[in-house]
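Below: one structure, written as structure tokens.
Numbering (the working numbering), first residue to last: 1 to 120.
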């Protein structure tokens, strides 16, 4: 188990979806690699100027953009053309969509419940 796996408390699900990362009011189209109740991993756009610690917003499009998960986040790391973001704030509609997405993709309901309890 790696050090980052030991720190990680929330279960991630692999989910390929179009996404946008917004930094300083500029939108950068990208795609989602995986997501959890506490953050996401995105492909770094070719022209991405961001750095660790930057405040960003992330929008993940579901069902051909019929539903959008929006979170305000901080860039936690950038490596191997990937951007890891830590969710700092998420609205009720987005957390409901995210919870349902995880529920549909996680094999164990008990794991989801533990993640929800860990949110506090």
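Backbone N, C-alpha and C fix where the C-beta goes; we use that ideal spot for every residue, glycine too.
It should be emphasised that the depicted structure is a prediction, and the values quoted were computed from it without experimental measurement.
* Using the Cα positions of residue 54 and residue 31, report the straight-line distance between them to the nearest angstrom. => 19 Å
* Are the Cβ atoms of residue 69 and residue 21 separated by less than 9 Å? -> no
* Since I believe residue 29 is in contact with residue 49 (beta carbons under 8 Å), could you give me their beta-carbon distance rounded to a whole number of angstroms? => That belief does not hold up - the Cβ atoms of residue 49 and residue 29 are roughly 15 Å apart, past 8 Å.
* Does DSSP put residue 86 in a helix, in a strand, or in coil? -> strand
* Beta-carbon gap between residue 71 and residue 88 smaller than 9 Å -> yes
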